[in-house]
Amino acid sequence: MGVPVHTRTERRAARRAGEGGRRIEYLAFRLAGESYAVQIADLAEILKPPPITEVPRAPWAVLGLVSVRGRLVTVIDLRRRLHIARASGDSVAALDPKARILLTDVGSGEQIGLLVDEVQEVWRLAPEQIESPDALGGVEPGHIAGIGRPAGVDGPILILLDLRPLLAAP
Amino acid sequence: MVEGGGGRIDPGDKARDEFLSEAQELVDGLGRDLLKLDETVKKGQLDPELVNDLFRAVHTLKGLSGLFGVTRMAGLSHQLEDVLDDLRLGRVELGTPVLDLLFRAVSAYGRILAAEKGQLEEPAQEVEQLLLLLGQVAMRKTGGVAGPAALYDLDPGLFGVLTEYEEHRLRSNVQQGLALYRIRARFSLLTIDSALDELKAAARPHGEIITYLPTGSGADADAIELEILMASRASIDVLRTAVERPDVTLEVVRRREAPGPVSLPPSPATIRPTTPPLAEAPLRASLSRRPPVGGEGVEMSLRSVTQTVRVDIRKLDRLMTIVGELAIVKTAIAKLTERARRRSTGPRELAVELQRLNRTFERHLAQMQGGILEVRMVPLGQVFDKLARVVRQISREHDREVNLVVTGAETEIDKLIVEELSDPLMHMIRNAIGHGIESRDERLTAGKPAVGTIALNAFQKGNHVVIEIEDDGAGMNPEAIIAAAIRRGIVTGDEARALTTREVLALVFMPGFTTTETATDLSGRGMGLDVVKTNMGKLGGVVDIASELGIGTKMTITLPITLAIINVLLVEVRGRLFAVPLANVEEAIALDAAQVRTIESREVLSVRGTSIPLCRLGHLFDLTREESSRGRAFVVIARIANRRLGFVVDELVGQQDIVIKPLGRSLHAVRGFAGATELGDQRVALVLDVGALTEEVLIPVENRFFATVDDPGRRFARIGGE
């Protein structure tokens, strides 16, 4: 009575948050074989792709429009936006069943959908688990916020994206 | 308001929203009254009641803003109240400088309200300056009524009992050179009310009753003698026949034969030499400057800060009735469901019943839709009133005399459209005054009336509202336009020669167009006409221009009555659905290939003896997949103003009422679409912006303008892409 009941996951999450200081939650997803991640705080929801309506004359990266509960949302193909060629045909109709739309909300007043190949998992990254993008050397694309190594040396490598510059000009 | 719809009302504090909308209304009313006052002052006759109205409105605003902690507004109101009180009591002369300040105060109110809504920075500096100027006005107060008392044979004790307002009226009547009369009347206490009213009624046509006071003499237990002080232009004989009866005597209040100055009125300065005379010159100078707020001046938005609509309660009652009807349908469906569950009704019977209910439901829904649309409608007068204020201000800035004639202010249009209209209209009026109306001397030389006229006309035409802005100014000089367009690189000399007059006039709507070499105070400000046009296009409207040199210019805006719900024709082009607003569709016919000719590389269809240029949407939009295999096609003939264009499509799908939604900011650069709509099955269809497309396809200037950028269908992809 009156004692809050925590699930195991919640307890673990609370413990981690306590020990790691300012851990930030990232959603990892797959795009052209690589793992990328964006801050969960910038996402509103994850959608199974509804029918997408092409917009003629739109910028190339814009896949089209979808309706999310009556609201129009512009969907951007993240591969095209990042200039990663799609392996097989470049067709909207032939979407992988695992493909998802990440509905972003970065406070610009417009929610924009990002099409990704597959949503993977949520990581809580501590600052020491994030390498600065400077590590990449050479040209530093403004939309890469860093490299995440959530599970040490042998674990996966996440390319952390900063959505703001990415969405500023599709 | 196309962007973001109506959804940006701050959550939470409802009372505050109400305050804002009430304050907005008061400020709007203030603007209206001020205009009326301005008119009466121009005619040289002051209506004291108007000043009283203004005073009351400001007083209310003061109370409201104090209540909601909007200190800046409260402070302004307080100072304004003082000035208006002084005006009311004649302590300050009502002239153009003071009126200008009052008009500025109204726009400052507007800015404060906008700031309260978080749309603008607090106009701190402007309000400070305004307060200072208003304070100066209050300091310029003139003295009491020493003049009349000294000049007329009046009991000095009289002034001890006059109210300040009466004193002012006395003074101003004397100043206007009216004669003063003293009426002594004896009233029976039993009938004094009606008798006094009678007397007042008899006297009123001849002048103003300033005050009436008991004389204290000649009174007995059941009678009272009043002394009535009256100002009149009429001769004593006329007055005598009007008011005299037994018990009433009338006499002229004689002027004192004083050696002092006979001229009236004594100037304030001579009465009170100690009052620091308000430096007239600095005040004028600071008035003629534009308000020092971020270079905005009048260019500041005229939009209201609230999105509230006032609704006639009867309209709501009708809606409520319809809701009642819908509830009945719902009950019927529930009963039917129950019967179906118990299997007490056969399937055929069930189907018949359902069909009947569906019909009823549809009918009520249509009524509901109509009713709600009606609620959204507001009279254009809302924006016209504000424009009248702008006309006054701009014409003073440019030293032009302009008369604004408004007709059709009662024409109703969707609230959202009204809001979007105010700024473009303001700009067009600014243009008409700045570039159109000539100076007084030029006008007189040209044999025109000295005062220019701008006519603002509105009327409904089918499902559209037409707004005309017509000036009787200098008109547009086609040669000057061409020269300017060439200078700006909008057209080349060769191209210009090929243009018709109409096409030449259309050049003023091109981005970057201006006739002025350097950005002056006038042309360098605000948006260009191209923005006006684009904004109108977003509202589904078109702007047309007609001008005759030396006679004047007329701009015509044609707008749909509502944005919210439109009836569209759904068409299919290479597997994609598009919606064409039916308001723009003249007819849709099967494409008869035999009737298509190619004239100068443009396909033209002959329909009943007229030629209609064709536009293949598949090509225009560069749609590659799924070429129509059926081998047939249709033409949707669209008409915008008096241009016609046939859009070639693969299939006509049907008509539908849709709620049109704007494309997001990320698709801002994409031209040719008015928005998109969800079709009910999660599919989205783009709604064609027929006006923009027609223009893009038909207007040669624009084709040439973009001709350097390879394929027109691709050009936006390049601009937006990288």
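Just so you know, the protein sequences line up as chains A and B, in that order. Letter by letter, the first sequence follows residues 424 to 593 in the working numbering. Letter by letter, the second sequence follows residues 3 to 724 in the working numbering. Backbone N, C-alpha and C define an ideal beta-carbon position, used for all residues, glycine too. On a predicted model such as this, the values are computed, not experimentally measured, just so you know.
| Check | Outcome |
| --- | --- |
| Backbone secondary structure at A/Glu533 - three-state DSSP | coil |
| Any C-beta of chain B under 9 Å from that of A/Val485 | yes |
| Nearest residue (CA-CA) to B/Leu318, options B/Asp102, B/Ser174, B/Glu376 and B/Lys337 | B/Glu376 |
| Test: A/Glu477 CB closer than 9 Å to a CB of chain B | yes |
| Closer than 9 Å to chain B by CB, A/Ile567 | no |
| Beta-ladder partner(s) of B/Glu470, from DSSP | B/Asn459 and B/Thr558 |
| Inside the region 393-417 of chain B only - beta strand (DSSP E) runs reaching at least 3 residues | 404-409 and 414-416 |
| Bridge partner(s) assigned by DSSP for B/Ser346 | Answer is none; B/Ser346 lacks a bridge partner. |
| Where B/Asp649 falls: helix, strand or coil (DSSP) | Rather than Asp, the amino acid found at residue 649 of chain B in this sequence is Phe. B/Phe649: strand per DSSP, three-state reduction. |
| Cα-Cα separation, B/Gly611 to B/Thr696 | 21 Å |
| Simplified DSSP assignment, three categories, for B/Asp659 | strand |
| Meets three-Cβ-pair contact criterion under 8 Å: the region 30-45 of chain B and the region 379-390 of chain B | yes |
| Alpha carbon of B/Leu622 to alpha carbon of B/Glu327, nearest angstrom | 47 Å |
| Burial state of B/Met798, where buried means 16 or more other Cβ atoms lie within 10 Å | Given that chain B is displayed from residue 3 to residue 724, the structure contains no residue 798 of chain B and the question cannot be resolved. |
| Closer than 9 Å to chain A by CB, B/Glu653 | no |
| Nearest residue (CA-CA) to A/Ile469, options A/Arg494, A/Gly536 and A/Ala460 | A/Gly536 |
| Helix, strand or coil at B/Met478 according to DSSP, with G and I counted as helix | coil |
| Alpha carbon of B/Asp40 to alpha carbon of B/Phe636, nearest angstrom | 59 Å |
| Beta-carbon spacing of B/Leu666, A/Glu533 below 9 Å | It should be noted that the sequence gives Gly, not Leu, for residue 666 of chain B. Taking 9 Å as the Cβ cut-off, B/Gly666 and A/Glu533 qualify as a contacting pair. |
| Cut-off 7 Å between Cβ atoms - residues of its own chain near B/Lys64, not counting five sequence neighbours on either side | Ala76, Ser79, His80 and Glu83 |
| Within chain A, partners of B/Asn623 - CB distance below 8 Å | One detail in the question is off: residue 623 of chain B reads as Phe in this sequence, not Asn. Ordered by position in chain A, the residues that pass the 8 Å Cβ test against B/Phe623 are Pro479 and Arg480. |
| Proximal residues, the region 648-674 of chain B versus chain A, C-beta separation under 9 Å | Val661, Lys663, Pro664, Leu665, Gly666, Arg667, Ser668, Leu669, Ala671, Val672, Arg673 and Gly674 |
| Chain A within 9 Å of B/Gln684, Cβ atoms only | yes |
| Any C-beta of chain B under 9 Å from that of A/Ser490 | yes |
| Inter-residue Cα distance where the pair is B/Arg344 and B/Glu351 | 14 Å |
| Rounded separation between B/Leu446 and B/Ala452 - CA only | 6 Å |
| Interface partners of B/Leu688 on chain A, CB under 9 Å | Thr476, Glu477, Val478, Pro479 and Leu488 |
| Residue from B/Arg316, B/Val575 and B/Arg171 with nearest C-alpha to B/Asp88 | B/Arg171 |
| Neighbour flag for B/Glu680 against chain A, beta carbons, 9 Å | yes |
| Interface flag, B/Leu318 vs chain A, CB-CB below 9 Å | no |
| Sequence ranges, alpha helix (DSSP H) only - wholly within the region 10-95 of chain B, length at least 4 | 16-44, 50-69 and 73-90 |
| Inter-residue Cα distance where the pair is B/Ala236 and B/Arg242 | 10 Å |
| A/Arg587 to A/Leu526 span [Cα, whole Å] | 13 Å |
| Test: A/Thr527 CB closer than 9 Å to a CB of chain B | no |
| Span of the beta strand (DSSP E) around B/Asn644 | Segment: none, B/Asn644 is in no beta strand (DSSP E) and carries neither H nor E. |
| Proximity test, Cβ basis, 9 Å: B/Leu579 and chain A | yes |
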